Ligand SMILES: [Ca+2]
Ligand SMILES: [Ca+2]
Ligand SMILES: [Ca+2]
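Residue numbers (this note's numbering): 27 to 473.
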C-alpha cells in the first residue's frame with residue numbers, strides 16, 4: 027500500500043469536512059449537524075496525523091493493526107506473530123500475513139512472510155521494518171484442508187536454491203498462467219504464484235516500480251486423497267519453477283511466458299545493461315531451471331549487453347565509445363529479434379560509426395575494410411542481414427590525451443563461436459569513430 031496516497035486522502039477529507047462545517051446551508055435540518063461534522067473532522071485529522079507519522083518514520087502500521095485485533099478478540103484469533111516461541115523471537119519476525127486462495131479450493135490460505143535475522147542481532151518489533159528494510163524474507167503457506175480435526179499445516183515457499191525470496195518489500199499474486207495443467211482441486215488449471223521482491227523500496231510501492239526479484243511457484247495437485255489423514259509436504263505442495271534476480275528489473279511476459287532480467291551494475295556509467303531472457307524448458311518438468319542441476323536456472327535463450335533502457339536518440343553523438351562499438355554491430359542486423367538485433371528497426375548505418383579519415387590523408391583501416399566489403403575484419407559474416415547477435419562483454423580503456431581510446435567487444439553472431447575484437451576509436455568533430463582493429467594483446471595506445 028502506498029501510504030502517501032492514504033495521507034493525501036485523509037488531508038483532502040479533513041479540508042472537505044472543515045469547509046462543510048463552516049457552511050450554513052449544508053445538511054440543513056439535521057440536528058447537531060455542527061457536532062457531527064466536527065467529530066468527523068477530528069477523526070479525519072487524526073487519520074492525517076497518523077498517516078503522516080507512518081510516512082515520516084517509514085513504519086508499516088499493519089502489524090500494529092493486527093496486534094490490536096488480536097487483543098480485541100481476547101487472543102482467540104490466531105496471531106502468527108504471537109505463535110513464534112520465545113527462543114525464536116530474536117531471529118524471526120512476521121513481516122506480513124496475506125489471505126489468498128493459493129490452491130483454488132475456495133478457501134483463502136494464510137501466506138505468512140517471515141523476516142530472518144542473519145546477523146544475530148535483536149529483531150525489531152514484530153513485523154516492523156528495520157530502517158534500511160533489508161532483511162531476508164521467506165514465505166510459508168498455512169493451510170487447513172487435511173486432518174481431523176483440521177490441522178493448520180505449513181507449506182514453505184522454498185526457492186530452488188533454498189535461498190530467501192527477497193529482502194525488504196514484496197508482493198504476492200496469482201494472476202498469471204505459466205503452465206497449463208489440471209492441478210486444481212477439481213481438475214481446473216490453477217494460476218502460478220508469483221512473489222516479486224523490491225529490496226530498495228522504502229515507502230509503500232509506487233506504481234511502476236520495477237521488481238528486482240521474482241520467484242514463481244507451481245501448485246502441485248493434492249496427492250492425499252484421504253482428507254482425514256495428516257498432511258505432509260513431501261513432495262512439496264508448492265514447487266518453485268524459477269527464481270530470478272536483476273538489479274535493473276525482472277519482468278514476466280504473459281504471452282511468451284518468458285522472464286527477462288536486467289543486470290545493470292557492471293555498465294552503469296554508459297547506461298548499458300545485460301539483458302537475459304529465460305524460457306520455460308520442456309525437459310525439466312516445465313520449469314525455468316537447469317535440466318541437470320535443478321537448483322540453478324537453465325541457460326537463458328538470450329543474454330546480451332544492450333542499451334538500457336534505450337539507446338540515445340543521437341547515437342552518433344554519444345560520449346561513450348563503447349556505445350559506438352555496440353551500435354556498429356547492431357547496425358548490421360537483418361531483422362528484429364530478442365537479442366541485440368532488437369535494435370535493427372532503428373535504421374542505423376554501419377558506415378556512420380567508422381572514421382572517414384582526413385582529406386588527402388590515408389583512409390583508416392576500418393573504412394578500408396568496409397569499402398572492400400571485408401566483414402571478416404570485424405569478425406562478422408557480412409555487413410547486413412546478421413542474425414542472433416549477442417554481446418557477452420565490452421571492455422573500455424581510459425581515454426588518451428589525444429582523444430583516442432580502445433574498446434574490446436566479445437560477441438557471438440549467427441550461432442558461431444564467441445569472438446573478440448579490439449578497436450581503436452577516435453573523437454572526430456565531437457563524435458567517437460572506429461578507426462582500426464588492434465591486436466588483442468594491445469593494452470595501451472602509443473603516440
Ligand atoms: Ca485455498
Ligand atoms: Ca487449501
Ligand atoms: Ca497453471
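Backbone N, C-alpha and C fix where the C-beta goes; we use that ideal spot for every residue, glycine too.
All of these numbers come straight from a predicted model, not from anything done at the bench.
Residue 220 places its beta carbon less than 8 Å from that of residue 200.
About 18 Å separates the beta carbon of residue 429 from that of residue 393, a gap too long to meet the 8 Å contact definition. Selection 125, 123 and 459 evaluated against residue 345 yields 459 as nearest (Cα-Cα). Sequence-distant partners of residue 81 (beyond 5 residues in either direction) whose C-beta falls short of 6 Å from its own C-beta, in its chain, are 29 and 33. Residue nearest to residue 186 within the set 321, 469 and 375 is 321 (criterion: CA-CA distance). Placement of the Cβ of residue 357 at a distance of 7 Å or more from every heavy atom of ligand 3 is found.
Residue side-chain check: residue 33 keeps its Cβ at 7 Å or more from all non-hydrogen atoms of ligand 1.
The alpha-carbon of residue 285 is positioned some 52 Å away from that of residue 65. At least one heavy atom of ligand 1 is found less than 7 Å from the C-beta of residue 127. Residue 73 carries a helical assignment under DSSP once its states are collapsed to helix, strand and coil. If you look at residue 29, you'll find it in the alpha helix (DSSP H) that goes 29-47. Contact check for residue 38 and residue 63: beta-carbon distance about 15 Å, past the 8 Å limit, so the pair fails to qualify.
Residue 331 carries a strand assignment under DSSP once its states are collapsed to helix, strand and coil. Between the region 251-263 and the region 205-225, the count of Cβ pairs shorter than 8 Å is below three; the stretches do not touch.
Counting the other CB atoms within 10 Å of its CB gives residue 100 a total below 16, which places it among the exposed residues. Take the alpha-carbon of residue 323 and the one of residue 127: they are about 28 Å apart. Residue pairing for residue 223: DSSP places it in a beta bridge opposite 196 and 239. Inclusion of residue 215 in the 7 Å shell around ligand 3 follows from its C-beta lying nearer than that to a non-hydrogen atom of the ligand. Nearest neighbour of residue 305 by Cα position, chosen from 297, 281, 294 and 298, turns out to be 281. Residue 135 has its Cβ nearer than 7 Å to a heavy atom of ligand 2. Taking C-beta separations shorter than 7 Å and ignoring five residues to either side along the sequence, the partners of residue 347 in its chain run 422, 431, 433, 451 and 458, following chain order.
Taken from the Cβ of residue 131, every heavy atom of ligand 3 lies 7 Å or farther away. Taking residue 375 as the centre and dropping the five residues before and after it, the same chain places the C-beta of 357 closer than 7 Å to its C-beta, in chain order. For residue 135, the uninterrupted beta strand (DSSP E) segment begins and ends at 135-142. In the structure shown, residue 106 falls within a coil segment according to DSSP collapsed to helix, strand and coil. DSSP lists 242 as the beta-bridge partner residues of residue 268.
Judged by beta-carbon spacing, residue 137 lies within the 8 Å limit of residue 167, meaning their Cβ atoms are closer than that value. Counting only the Cα atoms, residue 89 lies some 36 Å from residue 59. Residues of the same chain with a CB within less than 8 Å of the CB of residue 163, apart from the 5 flanking positions on each side, are 121, 139, 140, 141, 142, 190, 191, 192, 193, 194, 196 and 223 in chain order.
Taking the Cβ of residue 365 as the reference point, every heavy atom of ligand 2 lies at 7 Å or farther away.
Annotation for residue 449: the continuous beta strand (DSSP E) segment containing it runs 445-454.
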